[in-house]
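Read through the structure below, which is laid out as structure tokens, and then see the notes.
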Amino acid sequence: MITDNILKSLRFSLRAVITGCLLLATLGGAPVVAAQVVDRVVASVNGEIITLSELDRELGHREQQLLHRVPEAEQARARAEIRRQILSGMIDNLLVEQQAVNRGILVDEREIDQALDSLLAENQITKEYLQRDLRRVGMTIADYRKTLRFHILQSRLLSLEVRERVIIPEKSIREYYEQNYAGLIDPKAYHLLQMGFVWSSPSAEAKEEARQRALRAREQVLAGGDFRKLARELSDLPSGSLGGDLGVLKKNKLSPEIQRYISALSPGDLTSVLETATFFQFFQLLSDQGVVRSPRAYEEVKEEIREKLYRQALEIQFEKWVENLRAGAYIKIML
């Protein structure tokens, strides 16, 4: 699923709602005692607030998905931890937006239109397909445009604050290639590609929809489709952004069930669609017997590896930068 690796926690302003509540308290001569509290502040970041309703909207479908695999006796503790983590992400996003304002960075609607058009063209999908994909995770196009706006904003801040610190030397690219594409490995290890399809709710219909998506994707690979390309377009799992590439996994790191399916394969073969607690998945075996097959030579994958290492290094630098923003900010949490 193309939305999975770009959906981030965003702050959606409720100033209009708060203003409306204040007006309701003064209009029509209604007694003050009749007013009801409809929202409350859960965090203040340099004087700007995050409200409970904003946090609840961010939790949305994700809370249900994440709690689906948690035993009932542990759900209260898990729910509190999920809320804490999402609020922390919202605080980070608000700090980023504040810094963008300080630096005079703006994003207009035309730029969001262009980003959306580019995404549709790159993934070879229609707007209707994207809308269907978004509905599956409880979002609308309007929500997604806010996501795009934030990431354009973040990218510009990265260019100003972080990018110049990130340099990927040729030696690092070569080492990554040798370790992940061409090196000899433990004979009891496998180089695997993966696709996974999460069901959006515990209902039988959602589960069957995910299973059908998995079956269709597997059929596309069997028909000659490029596994890596399809994984980037279709898989709901984090590995999808890497073309489904899990790298080299030692046998003892795999579950007994997956070992059983993988051990019966020859390089290039696919497993059947396998069910887990929250998603369906299947694998392609690239290699075993201690040798990793690379479908492309070093020069062909060099820039792809450079980009991957660059993103990893950029993420580390960005996290450090946000930590510095936090250290210099006035943050009060009232959750």
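Residue numbers (this note's numbering): 597 to 931.
All residues carry an ideal CB built from backbone N, CA and C; glycine is no exception.
The structure displayed is predicted, hence computed values, not measured ones.
| query | result |
| --- | --- |
| Member of Glu644, Gly821, Glu724, Leu788 whose CA lies at the smallest distance from the CA of Lys847 | Leu788 |
| Residue burial classification, Gln790 (beta-carbon count within 10 angstroms, cutoff 16) | buried |
| Segment contact, 8 Å Cβ cut-off, at least three pairs: the segment 798 to 812 with the segment 867 to 875 | yes |
| Reference Glu900; option with closest CA among Leu749, Gln720, Arg770, Gly792 | Arg770 |
| With 16 other Cβ atoms within 10 Å as the buried cut-off, status of Thr622 | Unreliable positioning characterises Thr622 in this predicted model, as indicated by a pLDDT of 29, which lies under 50. A coordinate reading is not provided. |
| Selected residue, minimal CA-CA separation from Gln750, among Gln695, Asp709, Asn776 | Gln695 |
| Beta-carbon spacing of Tyr786, Val897 below 8 Å | no |
| Beta carbon of Ser684 nearer than 8 Å to that of Lys928 | no |
| Three-way DSSP call (helix, strand, coil) for Lys784 in this model | coil |
| Residue ranges of each beta strand (DSSP E) within the segment 812 to 837, 3 or longer | none |
| Proximal residues to Gly625 (C-beta, below 6 Å), its chain only, five neighbours per side dropped | Because Gly625 sits at a pLDDT of 35, beneath the cut-off of 50, its placement in the model cannot be relied upon, and the following sentence gives the value as read from the coordinates. No residues qualify anywhere along the chain. |
| Alpha carbon of Glu710 to alpha carbon of Val703, nearest angstrom | Reading the sequence as shown, one finds Gln at residue 710 and not Glu. Answer to the nearest angstrom: the Cα atoms are 11 Å apart. |
| Residues of its chain near Ile763, where Cβ-Cβ distance is below 6 Å and the 5 sequence neighbours each way are ignored | none |
| Those residues which DSSP pairs with Thr647 across a bridge | Val637 |
| Simplified DSSP state of Met791, which is helix, strand or coil | strand |
| For Gln877: DSSP bridge partner residues | Gly792, Leu870 |
| Buried or exposed (CB count within 10 angstroms, at least 16 for buried), Gln880 | buried |
| Inter-stretch contact (C-beta, 8 Å, three-pair minimum) for the segment 903 to 914 and the segment 744 to 758 | yes |
| Beta-carbon spacing of Ile682, Leu655 below 8 Å | yes |
| Contact belief for Gly840 with Arg814 at Cβ below 8 Å, rounded distance in angstroms | That pair is no contact at about 12 Å. |
| Limits of the beta strand (DSSP E) - the one that Leu845 falls within | 841 to 846 |
| Contact under 8 Å by Cβ, Val844 with Asn776 | yes |
| Backbone CA spacing between Lys849 and Ser859 [nearest angstrom] | 14 Å |
| Test item: CB-CB of Leu866 and Arg679 under 8 Å | no |
| Residue burial classification, Asp822 (beta-carbon count within 10 angstroms, cutoff 16) | exposed |
| Whole-Å CB distance - Ile708 paired with Leu730, under 8 Å assumed | About 15 Å separates the two Cβ atoms, so there is no contact after all. |
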